[in-house]
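Enquirer: Take this structure, written in structure tokens, and hold onto it; I'll ask about it next.
There are 2 protein chains.
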Amino acid sequence: MNKNEPSENETGTTGTDFMHGLAIDAVIFGFHDHQLKVLLMRYNKTGVVALPGGFIHKTENLNDAANRIVSERTGLKNIYLEQFYVFGDYGRSDPRPMKDILIANNITHDDNHWLLQRFISVGYYALVDFTKVVPKPDTIFDSCAWYDLAIIPKLMQDHNTIILKALASLRTDLDNKLIAFNLMQEEFTLGDLQILYETILDKKLLRPAFQRKMLSLGILERVAKKWTGAAHKAPYLYRFSKNI
Amino acid sequence: MNKNEPSENETGTTGTDFMHGLAIDAVIFGFHDHQLKVLLMRYNKTGVVALPGGFIHKTENLNDAANRIVSERTGLKNIYLEQFYVFGDYGRSDPRPMKDILIANNITHDDNHWLLQRFISVGYYALVDFTKVVPKPDTIFDSCAWYDLAIIPKLMQDHNTIILKALASLRTDLDNKLIAFNLMQEEFTLGDLQILYETILDKKLLRPAFQRKMLSLGILERVAKKWTGAAHKAPYLYRFSKNI
DNA sequence: TTATTATTGTAACATTGTGTTACAATAATA
DNA sequence: TATTATTGTAACACAATGTTACAATAATAA
């Protein structure tokens, strides 16, 4: 939300500056401890859990809005973002959870309030470095936190479906685009990278073939040996080569 | 548009039943005479050429709206449709061409008319059997016709960009999904199919490799020999195997 | 110091998929 | 019946990937 406009509160409930009927939902993926994570928001009072999302300012580019929304929740800039689907079924917009939230937060409204109308939502997924994210709740959300993708609770509206579709898109994009690096820290071993791929694709990969393929892409720079302290050969650290 | 609601004219200029700020633009691909074709509409009076498009009824699913819009223009049902991108830049919505069209058609409006506001547009591409399409203009469009993809005129707003993005999506989808058959007639030879692929991808393919690949997919049924009348071996006809 | 252990880096071979060349099988015409 | 152009497909070459094998470590233990 635009902090320069005091007429707007953080969740934009007055909505004078936003396009109506259209929203953005963001599936923000992180990777930590051998698990894919998703950043989710919990509305205070009602406890409803939902994807981070937001609206588009009337003079704002759609992709800029997505960037803004994801930056606000993560504290990061230059985030890898990908549009993956538009969720536009009429039935997806049950006004009940939002009405409960408005009531619980003493926000005046009637049944024609724009937040209770139908929304079509543009789905974006983001890939971020888990270790760099500082999740940011606000006044309406009492929590903004990582959830293991394997144990997502029942979410608001069709947000569970949106996550599944985002994951499917991530899986197909993984082969075509070189995006997995956005989920890693600056430096990583080929073993780390393989575990990431195996986690996203949910299947085991053969180590020699995986290493050969990654190295043959020509986008990895060998940095130094990693000190592990373990009783075996130390792996090399790599970084994503930025000059490509 | 819904013919059952007399309060709506065909182009929905009153817009009481439509979502505002959101539109659908459809890139309808056909294939004929060794060329990829796109179906385009020409507004009467102004001569502005644009993609077929439309709006979403307030209680209509987004994908249903896209189907409806494409069916209206082609006269076909069960059309292969794919969402490929959402065009949401603020600058894309120049109100001038639409204002000219409203003026030329004596449609009363002021500068706040919803058709002159900003639109975010969901891009769909459709693949149809060229020979089955009966292009349908209406009162606002004096023409609805096929254009060779290689010689598209300057279109309204960012519609040239939308076509380019649709073509790029079609090209990448061609390898992953088995969708080219939607552009062919019921029965076709492998030579026909190869010409289609070559036209879409804009590059020559080697015949033995192409035939081997298509046949190994296991989705083609050999039907009969095709009578060509030419002084050489007759090719086989194939059809897309529906039981898969 | 040297053997032990587990893991990494990579060679080597097998299999599969695709690029390329070659040629037999036609279907009409001369 | 020979000629012609095109189709169907075999055969080989090459590239990408799957799989097995093993040498190169880095710490620990003997």
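Line by line, the protein sequences give chains A and B.
Counting in this note's numbering, the final residue of the first sequence is number 294, and the numbers go up one at a time with none missing.
Counting in this note's numbering, the final residue of the second sequence is number 294, and the numbers go up one at a time with none missing.
The beta-carbon is built from N, C-alpha and C at its ideal position, and this holds for glycine as well.
Predicted, not measured: the structure shown is a model, and the values here were computed from it.
Enumerated in chain order, which unbroken segments of the beta strand (DSSP E) with a length of 3 residues or greater are wholly contained in the stretch 126 to 172 of chain A?
Expert: Listed in chain order, they are 130 to 137.
Enquirer: Whose C-beta lies closer than 8 Å to the C-beta of residue 130 of chain B among residues of the same chain, with five residues either side of it excluded?
Expert: For residue 130 of chain B, where only same-chain residues beyond five positions count, the Cβ hits under 8 Å are 176, 177, 178, 229 and 232.
Enquirer: Since residue 206 of chain B and residue 76 of chain B should fall inside the 8 Å C-beta cutoff, what is the C-beta to C-beta distance between them, to a whole number of angstroms?
Expert: With 8 Å as the limit, residue 206 of chain B and residue 76 of chain B do not qualify as a contact, their Cβ atoms being about 14 Å apart.
Enquirer: Any idea if residue 52 of chain A is buried or exposed, counting beta-carbon neighbours within 10 angstroms, 16 or more meaning buried?
Expert: Confidence at residue 52 of chain A is low in this model, with a pLDDT of 34, below 50, so the placement of that residue should be treated as unreliable; the coordinate-derived value is given next. Under this definition residue 52 of chain A is an exposed residue.
Enquirer: What is the rounded straight-line gap between the Cα of residue 72 of chain B and the Cα of residue 106 of chain B?
Expert: Cα to Cα, the separation comes out at about 7 Å.
Enquirer: Can you tell me whether residue 241 of chain A is helix, strand or coil according to DSSP?
Expert: Helix.
Enquirer: Would you tell me roughly how many angstroms separate the C-alpha atoms of residue 235 of chain B and residue 126 of chain B, rounded to the nearest one?
Expert: Each residue's alpha carbon lies about 14 Å from the other.
Enquirer: Would residue 67 of chain B pass as an interface residue toward chain A - the criterion being a Cβ-Cβ separation below 9 Å?
Expert: No, residue 67 of chain B does not count as interfacial toward chain A.
Enquirer: Give the DSSP-derived three-state secondary structure of residue 261 of chain B in the structure shown.
Expert: Reduced to three states, the DSSP call for residue 261 of chain B is helix.
Enquirer: What residue ranges within the stretch 71 to 96 of chain A form continuous beta strand (DSSP E) runs of no fewer than 3 residues, ordered along the chain?
Expert: The qualifying runs are 72 to 82 and 85 to 93.
Enquirer: Which residues of the stretch 192 to 221 of chain B have a Cβ closer than 8 Å to any Cβ of chain A? Give them in chain order.
Expert: Within the stretch 192 to 221 of chain B, no residue has a Cβ that lies closer than 8 Å to any Cβ of chain A.
Enquirer: Please list the residues of the stretch 129 to 162 of chain B that have a C-beta atom closer than 7 Å to any C-beta atom in chain A, keeping them in chain order.
Expert: So the close ones are 133, 135, 136, 138, 139 and 140.
Enquirer: Tell whether a beta-carbon distance below 9 Å holds between residue 174 of chain B and residue 89 of chain B.
Expert: Taking 9 Å as the Cβ cut-off, residue 174 of chain B and residue 89 of chain B do not qualify as a contacting pair.
Enquirer: Roughly how many whole angstroms lie between the Cα atoms of residue 291 of chain A and residue 267 of chain A?
Expert: C-alpha separation (whole angstroms): 11 Å.
Enquirer: Spatial neighbours of residue 48 of chain B within its chain, please: C-beta separation below 8 Å, excluding the five flanking residues on both sides.
Expert: No answer is possible for residue 48 of chain B: the residues shown for chain B start at 51 and end at 294.
Enquirer: Compute every distance between the C-beta of residue 180 of chain A and the non-hydrogen atoms of the ligand GTP, then say whether any falls below 8 Å.
Expert: As presented, the structure is devoid of all ligands, the ligand GTP included, so that no description of it is given.
Enquirer: In terms of residues, what are the limits of the beta strand (DSSP E) holding residue 2 of chain A?
Expert: Residue 2 of chain A is absent from the structure shown; chain A starts at 51 and stops at 294.
Enquirer: Among all the DSSP beta bridges, which residues are the ones paired with residue 196 of chain A?
Expert: Answer is A:89, bridged to residue 196 of chain A.
Enquirer: If I follow the unbroken beta strand (DSSP E) through residue 120 of chain A, where does it start and stop?
Expert: Premise fails: residue 120 of chain A lies in the alpha helix (DSSP H), 112 to 124, not in any beta strand (DSSP E).
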